[in-house]
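One structure is given below, encoded as structure tokens.
2 protein chains.
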Amino acid sequence: MKIAILLYDEMTGLDALGPYEVLSRLPGAELRFVAETRGEVRTDTRALGILADAALDEVDAVDLVLVPGGPGDARVRERRAVLEWLRAVDEATRFTTSVCTGSLILGAAGLLEGRRATTHWAQLDELRRYGAEPVQGRYVRDGKHWTAAGVSAGIDMALGLAAEIAGDDYARMLQLGIEYDPAPPFDCGAPEKAPTHLVELVRGTLTRS
Amino acid sequence: MKIAILLYDEMTGLDALGPYEVLSRLPGAELRFVAETRGEVRTDTRALGILADAALDEVDAVDLVLVPGGPGDARVRERRAVLEWLRAVDEATRFTTSVCTGSLILGAAGLLEGRRATTHWAQLDELRRYGAEPVQGRYVRDGKHWTAAGVSAGIDMALGLAAEIAGDDYARMLQLGIEYDPAPPFDCGAPEKAPTHLVELVRGTLTRS
Numbered sequence: 015m016k017i018a019i020l021l022y023d024e025m026t027g028l029d030a031l032g033p034y035e036v037l038s039r040l041p042g043a044e045l046r047f048v049a050e051t052r053g054e055v056r057t058d059t060r061a062l063g064i065l066a067d068a069a070l071d072e073v074d075a076v077d078l079v080l081v082p083g084g085p086g087d088a089r090v091r092e093r094r095a096v097l098e099w100l101r102a103v104d105e106a107t108r109f110t111t112s113v114c115t116g117s118l119i120l121g122a123a124g125l126l127e128g129r130r131a132t133t134h135w136a137q138l139d140e141l142r143r144y145g146a147e148p149v150q151g152r153y154v155r156d157g158k159h160w161t162a163a164g165v166s167a168g169i170d171m172a173l174g175l176a177a178e179i180a181g182d183d184y185a186r187m188l189q190l191g192i193e194y195d196p197a198p199p200f201d202c203g204a205p206e207k208a209p210t211h212l213v214e215l216v217r218g219t220l221t222r223s
Numbered sequence: 015m016k017i018a019i020l021l022y023d024e025m026t027g028l029d030a031l032g033p034y035e036v037l038s039r040l041p042g043a044e045l046r047f048v049a050e051t052r053g054e055v056r057t058d059t060r061a062l063g064i065l066a067d068a069a070l071d072e073v074d075a076v077d078l079v080l081v082p083g084g085p086g087d088a089r090v091r092e093r094r095a096v097l098e099w100l101r102a103v104d105e106a107t108r109f110t111t112s113v114c115t116g117s118l119i120l121g122a123a124g125l126l127e128g129r130r131a132t133t134h135w136a137q138l139d140e141l142r143r144y145g146a147e148p149v150q151g152r153y154v155r156d157g158k159h160w161t162a163a164g165v166s167a168g169i170d171m172a173l174g175l176a177a178e179i180a181g182d183d184y185a186r187m188l189q190l191g192i193e194y195d196p197a198p199p200f201d202c203g204a205p206e207k208a209p210t211h212l213v214e215l216v217r218g219t220l221t222r223s
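Take a look at the structure:
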């Protein structure tokens, strides 16, 4: 099972590294972090550097590709080399996936046209720009194209992928291994659960003109 | 707010990178990944390389230190340089924290003696070796020493820390920003929720002789 996770400057770390923790433990997984060039990639906070072990042109056939989101997505949506690579690998994937605004990158590559898809709650309408139908959901499946909601939702999607790939019991075992029995101190992770002033504050921070 | 997250060979990535995603967004946060030497650190799967931007001897006063777990913890518990660094920074921290078996490293440094603490469910009894009182819980607070359960529990602890440091509203805003409204496809993240054969399988994989 060849898995590629795309990295790019100003991505959001957890978008990629939540799913990594699950997908890298699938039976026979060969997971590689890829970027336009090998080497260090800095996330949106600049505090985290992750290594891309392969350049895009070193990776031409994968079973699963995952595209994270983050403020850097806007630049990546204009990088022809990345969009062409995504279109090329998508032809042979079993799963083409994204987390958060990674779906906008899939959209820019033309891979979500006519499909149901999701993204971070504050960016949902942006999907229309690429001919996708925005759907609220922790993760949304349309055939082999799976898209997750904001940041942490990638962990849930990865467990769903694990079940599809290796069976329910295997996915449950992975969940137990990472002790994913969430109990956040607040119940404020979705806009319908949050006070309006916080929803507006986050929307203001995250949406670009 | 100076924050240091320890990195070491064969650590579990999400232990560090879940909390990173929350803590790095605190007001005035200066978060650095530190290791015995600067440069690349490989996680337990070998598929992920994270950059340590500072060596231990470059970091001598932090407000918050976080120690992740992972199979490499056993070696770190015997690294005098790391244990001495932890003891030294602990003297001035506002919070000394761990995720998963990172608490065994804090224990080996002598920082959990007589304290209530937690770790990955499969390793809970190991805490006694260091004079700590094992407590089941998503995260456990004993004064300034906070310890989280396995891997993904660090996200919950980080939100608790965010509330303590920057107030409940700020923590809620961060939770909404990372859309942390968990909805895993299975409810199997804790041993009491999992079938016995899976509990034994995971225990066998994770416990060392």
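Just so you know, the protein sequences line up as chains A and B, in that order. In case it helps, the numbering used here puts the first sequence at residues 15 to 223. In case it helps, the numbering used here puts the second sequence at residues 15 to 223. Every residue, glycine too, gets a C-beta built ideally from N, C-alpha and C.
Worksheet item: From B/I17 to B/V154, what does the alpha carbon distance come to, in whole angstroms?
Response: A direct Cα-Cα distance of roughly 20 Å separates B/I17 from B/V154.
Worksheet item: Terminal residues of the continuous beta strand (DSSP E) containing A/R155?
Response: Start and end: 153–156.
Worksheet item: Taking Cβ positions, are A/D77 and A/R108 nearer each other than 7 Å?
Response: Taking C-beta atoms as the reference points, A/D77 and A/R108 count as a pair closer than 7 Å.
Discussion item. Using a Cβ-Cβ cutoff of less than 6 Å, which residues in the same chain neighbour A/G229 once the five nearest sequence positions on both sides are dropped?
Written reply: Residue 229 of chain A lies beyond the stretch modelled for chain A, which goes from 15 to 223, so this question has no answer here.
Discussion item. Quick check: A/V216 and B/G191, are their CB atoms within less than 7 Å of each other?
Written reply: In this structure, B/G191 lies closer than 7 Å to A/V216 by Cβ.
Discussion item. Using a Cβ-Cβ distance cut-off of 7 Å, determine whether B/I179 contacts chain A.
Written reply: The beta-carbon of B/I179 is placed no less than 7 Å from the nearest beta-carbon of chain A.
Fill in: Straight-line Cα distance separating A/E92 from A/V73
Spanning the alpha carbons of A/V73 and A/E92 requires a straight line of approximately 20 Å.
Discussion item. Please identify, using Cβ separations under 8 Å, the residues of the region 50–68 of chain B that lie next to chain A, in order along the chain.
Written reply: Per Cβ criterion, the list reads E54, T59, A61, L62, G63, I64, L65, D67.
Worksheet item: Checking contacts by CB at 7 Å: is A/F200 closer than that to chain B?
Response: Taking Cβ atoms only, chain B reaches closer than 7 Å to A/F200, which makes this a yes.
Practice prompt. Starting from the Cα of B/V48, find the closest Cα among B/L70, B/T133, B/V36 and give me that residue.
Written response: For the residues B/L70, B/T133, B/V36, the minimum Cα distance to B/V48 belongs to B/L70.
Item to complete: Identify the contact partners of B/R186 in chain A, using a Cβ-Cβ distance below 7 Å as the criterion.
Response: Under the 7 Å cutoff, chain A gives F200, C202, A208, L212.
Practice prompt. Taking B/A95 and B/E35 to be in contact with their CB atoms under 8 Å, please state how far apart those CB atoms are, rounded to whole angstroms.
Written response: A Cβ-Cβ separation of about 28 Å leaves B/A95 out of contact with B/E35 under the 8 Å criterion.
Fill in: For B/L78, the three-state DSSP class (helix, strand or coil)
Collapsing the DSSP output to three states places B/L78 in a strand.
Item to complete: Take B/C202 and list the residues in its own chain whose beta-carbon comes closer than 6 Å to its own, dropping the five residues that flank it on each side.
Response: Counting only Cβ-Cβ distances below 6 Å, and skipping sequence neighbours, we find A208.
Worksheet item: Would a check of beta-carbon distances place B/A18 closer than 7 Å to chain A?
Response: So no, B/A18 is outside the interface.
Discussion item. Looking at A/A176: is its Cβ nearer than 7 Å to the Cβ of A/G168?
Written reply: A/A176 places its beta carbon 7 Å or farther from that of A/G168.
Worksheet item: Beta carbon of A/E178, beta carbon of A/G86: below 7 Å?
Response: Cβ atoms of A/E178 and A/G86: not closer than 7 Å.
Worksheet item: Got a sec, what are the start and stop residues for the alpha helix (DSSP H) A/G128 sits in?
Response: Following the DSSP letters along the chain, one finds A/G128 in no alpha helix (DSSP H), marked with neither H nor E.
Discussion item. With H, G and I counted as helix, E and B as strand and the rest as coil, what does DSSP make of A/I169?
Written reply: Assigned with DSSP and collapsed to three states, A/I169 falls in helix.
Discussion item. For the ligand HEM, is there any heavy atom lying closer than 6 Å to the beta carbon of B/V154?
Written reply: The ligand HEM is absent from the structure shown, which contains no ligand whatsoever.
Worksheet item: Which residue comes first and which comes last in the alpha helix (DSSP H) that contains B/G53?
Response: Annotation: B/G53 is outside any alpha helix (DSSP H); the continuous beta strand (DSSP E) that includes it extends over 53–56.
Discussion item. Let me make sure I understand the geometry here. Which of A/V90, A/I19, A/E44, A/G42 has the alpha-carbon closest to that of A/T111?
Written reply: When only C-alpha atoms are compared, the closest one is A/I19.
Discussion item. Using the three-state DSSP reduction, which class does A/I192 fall into: helix, strand or coil?
Written reply: Looking at A/I192 - three-state DSSP - the assignment turns out to be coil, as it is neither helix nor strand.
Worksheet entry | C-alpha gap between A/P148 and A/H134, whole angstroms | About 11 Å.
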